[in-house]
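These notes concern the structure reproduced below.
This is the structure we're talking about:
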């Protein structure tokens, strides 16, 4: 098992904030909109540096999506910022008609996704956003795993023509990816090569997958770990190549079992290479208030859960 | 009457013929609101807008128009074709399979002249405001126009946008509302009363004026007045009184022709009331 270490923990939302400021420096077509959550989305740096390109929208997310769609006409690249719940479910029709169907170059940037929002509870802990967004034709869906990758992804989507959903979160998590990484949309990252089981993880679950890989190694199981940061378009080639080798797969995501990464992977496998698969995901339920770490344990989203799922799926080969 | 007004009225007559023929041709679509707004569209595209039918999406140094109540697509398509965005013969494909002229307008199939999809109501004002702010960033002095329906004002997003435009002083925008007092289930006053639109929009910080949307002289006056009100720190609103179905007597003033196409006999009667001025498609 390849060794991964970290010297600090940071929130992925800060990766977004820093990436946005960089993207703003690089390209004056980048504009940003925020629905009364500048601090939460870490958009202060962009706002302070480029006040003429920053738009406070107030608590009006539907309007924000429409504004962003309109701003693309004339060449701007709008980044919208609010919580994941208000970035997707609340404004689904606005995204569908004004952004996706209209083919507008809007970047929908969503923080506080999933259970790790913590104490605010289920009203804010959206677990359906990846599914909602990936069903929209033409929408690119990205869920990076740490601060560095989120920063790189934020800069990369500014250069990508077309609507993007970028999902990140609130908790501080290990920073373990290369600070100078080149972020390639749609390209899986091979975290660890192995031969016994493929662990395909996205977002915060990638670090859990690494911890699981270390525990599995102690048990004599050689796990291949793949980071799928781009859920759509999915790197089918990387998934199939891995599963051909290992013959079984565990998917891991901080999302509903229905409609997320696991289902996307299952569809690829069902069509090309039917393979035993176990899901690490929230089992079709809402979340609840609590400390993020306690919630991840209660809802079965830890390294230990991945280890158990790997052992189980290997037996199904 | 000036020759200009007469010329615009002639075009509007042909546009109305196009509208009833289009909805008849596919036995579906929305003639009522389309007929009511024919004068506004004609004045806009043939007199007011600085626009280029060669069409590019960004529309730099052009005036932009957005249709928020996408269901009145027939009138939009007719003026776009009549002003040269695409061949008028394409109007014959309206709502048929493999057409760029979808039931509700969209840029998805690269139809020249359409910059945003609309149909799901309440979204067009936000889009227009966004486009207007981009014009400001680009130091582009041209204006952005948007048309909404009155029933559409029941959508909450419209009021989010109304508040935003005033707060951000989006004063390069001229919005209009087609006040025909009708919606699918009946008169707006019965379905969901709108109250005083003038008082509402003024309270939201807009400069509000009114015009008779079915009197070409007044439409031209109203639009020119609105242009003079731009760049004065307030978004500009025109409350445009119209009759749904204007120009075809049996369709006028009732919600019953909101989304119903005429049959062969009704088409014939309608066409006797609308002079063919530019040649049917």
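Chains as they are written, first to last, in this note's numbering: chain A, 1 to 317; chain B, 1001 to 1281.
For glycine and all other residues, C-beta sits at the position ideal for the given N, C-alpha and C.
(message) Can you tell me whether residue 1052 of chain B is buried or exposed? The criterion is at least 16 other CB atoms within 10 Å of its CB, across all chains shown.
(response) Against the second chain, residue 1052 of chain B aligns to sequence position 52. Residue 1052 of chain B is exposed by the Cβ-count criterion.
(request) Could you pull the start and end residues of the alpha helix (DSSP H) that residue 207 of chain A belongs to? (result) Here residue 207 of chain A corresponds to residue number 207 of the first chain, with the count starting at 1. Where residue 207 of chain A is concerned, the enclosing alpha helix (DSSP H) stretches over 205-218.
(request) With 7 Å as the threshold, decide whether the Cβ of residue 67 of chain A is near any Cβ in chain B. (result) Here residue 67 of chain A refers to the residue found at position 67 when the first chain is read from its first residue. So, interface residue.
(request) Give me the Cα-Cα distance between residue 239 of chain A and residue 265 of chain A, rounded to the nearest whole angstrom. (result) Taking the first residue of the first chain as 1, we reach residue 239 of chain A at position 239. Taking the first residue of the first chain as 1, we reach residue 265 of chain A at position 265. Approximately 8 Å, taken between the alpha carbons.
(message) Run through chain A and tell me which residues come within less than 7 Å of residue 1142 of chain B, C-beta to C-beta.
(response) The residue given as residue 1142 of chain B occupies position 142 in the second chain. By Cβ distance, chain A contributes nothing, its closest Cβ being about 10 Å from residue 1142 of chain B, past 7 Å.
(message) Taking the beta strand (DSSP E) that residue 311 of chain A belongs to, which residues open and close that run?
(response) As a first step, residue 311 of chain A is located in the first chain; it is residue number 311 there, counting from the start. Note, residue 311 of chain A: premise wrong, no beta strand (DSSP E); alpha helix (DSSP H) at 303-315.
(message) Does the CB of residue 1138 of chain B have a neighbour CB from chain A at under 7 Å?
(response) Along the second chain, one-based indexing puts residue 1138 of chain B at 138. With 7 Å as the cut-off, residue 1138 of chain B counts as an interface residue toward chain A.
(request) Return yes when the Cβ of residue 1171 of chain B is within less than 7 Å of the Cβ of residue 1060 of chain B, no when it is not. (result) If you number the second chain from 1, residue 1060 of chain B lands on position 60. If you number the second chain from 1, residue 1171 of chain B lands on position 171. For residue 1060 of chain B and residue 1171 of chain B, no; Cβs fall outside 7 Å.
(request) Starting from the N-terminal side, write out each stretch of the alpha helix (DSSP H) that is 4 residues or longer and does not extend beyond the stretch 7-74 of chain A. (result) 12-26, 38-41, 44-49 and 61-71
(message) Checking the sheet assignment: what are the DSSP bridge partners for residue 109 of chain A?
(response) Against the first chain, residue 109 of chain A aligns to sequence position 109. Paired residue(s): A:81 and A:166.
(request) Report, in whole angstroms, the separation of the C-beta atoms of residue 145 of chain A and residue 203 of chain A, which I expect to be a contact under 8 Å. (result) Position 145 of the first chain, counted from the first residue, corresponds to residue 145 of chain A. Position 203 of the first chain, counted from the first residue, corresponds to residue 203 of chain A. The Cβ separation is near 6 Å, so the contact holds.
(request) Give a yes or no on whether 7 Å exceeds the smallest Cβ distance from residue 1161 of chain B to chain A. (result) Sequence index remark: in the second chain, residue 1161 of chain B carries index 161 (1-based). True, the Cβ-Cβ gap to chain A drops below 7 Å.
(request) Taking only beta carbons into account, state which residues of the stretch 1099-1113 of chain B come closer than 8 Å to chain A, listed in chain order. (result) 1106, 1107 and 1108
(message) Taking the alpha-carbon of residue 1072 of chain B as reference, which of B:1250, B:1159 and B:1019 has the nearest alpha-carbon?
(response) The residue you call residue 1072 of chain B lines up with position 72 of the second chain. Nearest of B:1250, B:1159 and B:1019 to residue 1072 of chain B, Cα basis: B:1019.
(request) Report yes or no: do three or more beta-carbon pairs, one from the stretch 1009-1026 of chain B and one from the stretch 271-289 of chain A, lie closer than 8 Å? (result) no
(request) Could you please tell me which residues of the stretch 90-107 of chain A, in chain order, have their CB closer than 7 Å to any CB of chain B? (result) 93, 94, 97, 98, 101, 102 and 103
(request) Hey, could you find the ends of the beta strand (DSSP E) residue 279 of chain A is sitting in? (result) Counted from its first residue, the first chain places residue 279 of chain A at position 279. Here the beta strand (DSSP E) through residue 279 of chain A covers 277-282.
(request) Go ahead and pull the three-state DSSP assignment for residue 1209 of chain B. (result) Taking the first residue of the second chain as 1, we reach residue 1209 of chain B at position 209. Residue state, collapsed to three classes: strand.
(request) Assess, as a yes-or-no matter, whether the stretch 1133-1153 of chain B is touched by the stretch 1096-1112 of chain B under the definition of 3 or more beta carbon pairs within less than 8 Å. (result) no
(request) Taking residue 30 of chain A as the reference, give the member of B:1138, B:1036, B:1088 and B:1064 with the closest Cα. (result) As a first step, residue 30 of chain A is located in the first chain; it is residue number 30 there, counting from the start. Taking only the C-alpha atoms, the option nearest residue 30 of chain A is B:1138.
(request) Quick one: residues in its chain with C-beta nearer than 8 Å to the C-beta of residue 236 of chain A, no 5 flanking neighbours on either side, listed in chain order? (result) The residue labelled residue 236 of chain A in the question sits at position 236 within the first chain. The answer, listed in chain order, is 268 and 272.
(request) Answer yes or no: do residue 281 of chain A and residue 262 of chain A have a C-beta to C-beta separation smaller than 7 Å? (result) If you number the first chain from 1, residue 281 of chain A lands on position 281. If you number the first chain from 1, residue 262 of chain A lands on position 262. Yes. Within cutoff.
(request) Tell me whether residue 232 of chain A sits in a helix, a strand or coil according to DSSP, three-state version. (result) Locating residue 232 of chain A in the first chain gives position 232, counting from the first residue. If DSSP states are grouped into helix, strand and coil, residue 232 of chain A belongs with the strands.
(request) Please state whether DSSP places residue 1188 of chain B in a helix, a strand or coil. (result) Here residue 1188 of chain B refers to the residue found at position 188 when the second chain is read from its first residue. Correct three-state label for residue 1188 of chain B: helix.
(request) Closer than 7 Å by beta-carbon distance: list the chain A residues that pair up with residue 1120 of chain B, in chain order. (result) Locating residue 1120 of chain B in the second chain gives position 120, counting from the first residue. 93 and 97, listed in chain order.
(request) Using DSSP bridges, identify the partner residues of residue 1182 of chain B. (result) Reading the second chain from its first residue, position 182 is the one you call residue 1182 of chain B. In the DSSP output, where bridge partners are listed per residue, residue 1182 of chain B has B:1187.
(message) Using a Cβ-Cβ distance cut-off of 7 Å, determine whether residue 310 of chain A contacts chain B.
(response) Your numbering for residue 310 of chain A matches position 310 in the first chain. No, because no Cβ of chain B sits closer than 7 Å to the Cβ of residue 310 of chain A.
(message) Please confirm whether residue 76 of chain A has its beta-carbon closer than 7 Å to some beta-carbon of chain B.
(response) Along the first chain, one-based indexing puts residue 76 of chain A at 76. So, interface residue.
(message) Along the chain, where does the beta strand (DSSP E) containing residue 249 of chain A start, and where does it finish?
(response) Looking up residue 249 of chain A in the first chain gives position 249. Taken as a continuous stretch (DSSP letters only), the beta strand (DSSP E) holding residue 249 of chain A covers 249-256.
(message) For residue 1175 of chain B, list the residues DSSP reports as bridge partners.
(response) Start at 1 with the first residue of the second chain, and residue 1175 of chain B comes out as number 175. Bridge partners of residue 1175 of chain B: B:1146 and B:1237.
(request) Say whether the stretch 1001-1010 of chain B touches the stretch 1224-1240 of chain B, bearing in mind that this needs 3 or more beta-carbon pairs closer than 8 Å, one atom from each stretch. (result) no
(request) Using a cut-off of 8 Å between C-beta atoms, extract the partners of residue 1027 of chain B located in chain A. (result) Position 27 of the second chain, counting from 1, holds the residue named residue 1027 of chain B. Residues of chain A passing the Cβ test: none, with the nearest at roughly 25 Å.
(message) For residue 174 of chain A, report the span of its alpha helix (DSSP H) as first-last.
(response) Translated into positions along the first chain, residue 174 of chain A becomes position 174. Premise fails: residue 174 of chain A lies in the beta strand (DSSP E), 172-174, not in any alpha helix (DSSP H).
(request) Compare the C-beta of residue 27 of chain A with all C-beta atoms of chain B and state if any pair is closer than 7 Å. (result) As a position in the first chain, residue 27 of chain A is number 27, starting the count at 1. Not one chain B Cβ lies under 7 Å of residue 27 of chain A.
(message) Output needed for residue 1253 of chain B: all residues of its chain with C-beta closer than 6 Å, excluding positions within five of it in sequence on either side, in chain order.
(response) Along the second chain, read from residue 1 onward, the residue named residue 1253 of chain B stands at position 253. Only 1243 meet the Cβ criterion.
(request) Locate the beta strand (DSSP E) running through residue 197 of chain A, then write down its first and last residues. (result) Here residue 197 of chain A corresponds to residue number 197 of the first chain, with the count starting at 1. Its beta strand (DSSP E) spans residues 197-201.
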